[in-house]
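A.B. asks:
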Amino acid sequence: MIEILSPTELARAKETGALVADILQTMKARSTAGTNLLDIDDWARAMIVEAGAESCYVDYEPSFGRGPFGHYICTSVNDAVLHGLPRDYSLADGDLVSLDLAVSLGGVVADSAISFVVGDSPPAESVAMITATERALAAGIAAAGPGARIGDLSHAIGQVLSAAGYEVNTEFGGHGVGSTMHQEPHVSNAGRPGRGYPLRPGLLLALEPWVMADTAELVTDDDGWTLRSATGCRTAHSEHTIAITPDGAEILTLPTSRR
Numbered sequence: 575m576i577e578i579l580s581p582t583e584l585a586r587a588k589e590t591g592a593l594v595a596d597i598l599q600t601m602k603a604r605s606t607a608g609t610n611l612l613d614i615d616d617w618a619r620a621m622i623v624e625a626g627a628e629s630c631y632v633d634y635e636p637s638f639g640r641g642p643f644g645h646y647i648c649t650s651v652n653d654a655v656l657h658g659l660p661r662d663y664s665l666a667d668g669d670l671v672s673l674d675l676a677v678s679l680g681g682v683v684a685d686s687a688i689s690f691v692v693g694d695s696p697p698a699e700s701v702a703m704i705t706a707t708e709r710a711l712a713a714g715i716a717a718a719g720p721g722a723r724i725g726d727l728s729h730a731i732g733q734v735l736s737a738a739g740y741e742v743n744t745e746f747g748g749h750g751v752g753s754t755m756h757q758e759p760h761v762s763n764a765g766r767p768g769r770g771y772p773l774r775p776g777l778l779l780a781l782e783p784w785v786m787a788d789t790a791e792l793v794t795d796d797d798g799w800t801l802r803s804a805t806g807c808r809t810a811h812s813e814h815t816i817a818i819t820p821d822g823a824e825i826l827t828l829p830t831s832r833r
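The opening residue of the sequence shown carries number 575 in the numbering used here; numbering runs sequentially from there.
1) Strictly by DSSP, which residues pair up with Arg802?
2) Does the pairing of the region 705-717 with the region 633-647 give three or more beta-carbon distances under 8 angstroms?
3) Can you tell me whether Ser736 is helix, strand or coil according to DSSP?
4) Answer yes if the region 590-609 comes into contact with the region 819-832, meaning at least three C-beta pairs across the two stretches below 8 angstroms, and no otherwise.
5) Using the rule of at least 16 other Cβ atoms within 10 Å of the residue's Cβ for burial, across every protein chain shown, is Ser664 buried or exposed?
6) Should Asp796 go down as buried or exposed, given a rule of 16 or more other Cβ atoms within 10 Å for buried?
7) Count the other CB atoms within 10 Å of the CB of Pro660; is the residue buried (16 or more) or exposed (fewer)?
8) State the Cα-Cα distance for the pair Pro768 and Val742, rounded to the nearest angstrom.
9) Could you tell me whether the region 681-690 touches the region 722-732, where touching means 3 or more Cβ pairs closer than 8 angstroms?
10) In chain order, which beta strand (DSSP E) runs of at least 3 residues are fully inside the region 605-645?
11) For the putative contact between Gly747 and Val734, defined by C-beta atoms under 8 angstroms, what is the C-beta separation to the nearest angstrom?
12) Note down the Cα distance separating Ala618 from Met601, rounded to an integer number of angstroms.
13) Taking just the CA atoms, how far does Ser728 sit from Val683?
14) In the structure shown, what three-state DSSP assignment does Pro820 receive?
15) Which of helix, strand or coil does DSSP assign to Ser753?
16) Ends of the alpha helix (DSSP H) at Ala716?
17) Mind checking Gly732: buried by the 16 CB within 10 Å criterion, or exposed?
18) Would Ala666 and Thr800 qualify as a contact pair, given that the criterion is a beta-carbon distance under 7 angstroms?
19) Measuring straight from C-alpha to C-alpha, what distance separates Glu836 and Ser695?
20) Just checking my contact of Gly776 with Leu584 at CB under 8 angstroms: how many whole Å lie between their CB atoms?
21) Compute the beta-carbon to beta-carbon distance between Thr815 and Val751, rounded to the nearest angstrom, for a pair I have assumed lies under 8 angstroms.
22) Name, in chain order, the residues that DSSP records as bridge partners for Val683.
23) With C-beta atoms as the reference, is Leu778 less than 7 angstroms away from Ala817?
24) With DSSP run on the structure shown, which of helix, strand or coil describes Val692?
25) Mapping the DSSP letters down to three states, classify Ile825 as helix, strand or coil.
Spelled out as structure tokens, the structure:
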């Protein structure tokens, strides 16, 4: 299913996106050495409930997971990159953390992810990897607009990641959003320009480049959800929800302070 949102629905999407971004920034600020992943999940739950919103993860039960997910936010640490199931683990100085959050507010979903390193002295390799995903995300957004095709976005993302020296896994990538979290079209993190679905105003897309330091192969934890690098190397993940507009693309998942 591909949804094209009305102007009224797009206004609600902006509210949802701001909420998602504000929650993620609050969780980042609270994530210090000694913070437990279950506390992050509980803080996210409290902010979602207070806003009158719903997490898209609690009842999430796709074919690739061992569902339902049962938590409010994905918490992936170090070699974990996607779908990190919150667990009883306390963060240590230097840990690379990726937080991924999708929320529904007023019937419209927004989805975003951030990566950061705990503490004041992050390893240069981790910073470079996070920066690469952020630059790839910016390139994908810059390629988006009416008349562009999904392959244009995928190509832009993949070019940045490959040029930075990372292998690109295409099993998981970006996707459409709307009244539900995961919709068509799929947005691979590598692709051929000029191919795929043509973008139209009112379309919402979640773009999410992610990489692993020295591999493109994933393994799944015994929890049935958490995806890790096959070699145990570090990983990074960045994501924004964007709206296609008549003039290009608008990022919906910016925190209130940046609007």
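Just so you know, even glycine gets a beta-carbon here, dropped at the ideal spot from N, CA and C.
C.D. replies: Well, looking at it:
1) According to DSSP, Arg802 bridges with Ala654 and Val793.
2) no
3) helix
4) yes
5) Under this definition Ser664 is an exposed residue.
6) exposed
7) buried
8) Per the sequence shown, the amino acid found at residue 768 is Gly instead of Pro. Whole-angstrom Cα-Cα distance: 20 angstroms.
9) no
10) none
11) With 8 angstroms as the limit, Gly747 and Val734 do not qualify as a contact, their Cβ atoms being about 14 angstroms apart.
12) 7 angstroms
13) 22 angstroms
14) It is coil, neither helix nor strand.
15) coil
16) Ala698 to Ala716
17) buried
18) no
19) No information on residue 836 is available, as it lies outside the stretch 575 to 833 that the chain covers here.
20) Taking 8 angstroms as the upper bound for CB-CB distance, Gly776 and Leu584 are in contact here, some 7 angstroms apart.
21) About 6 angstroms separates the two Cβ atoms, so the contact holds.
22) Ser678
23) yes
24) coil
25) strand
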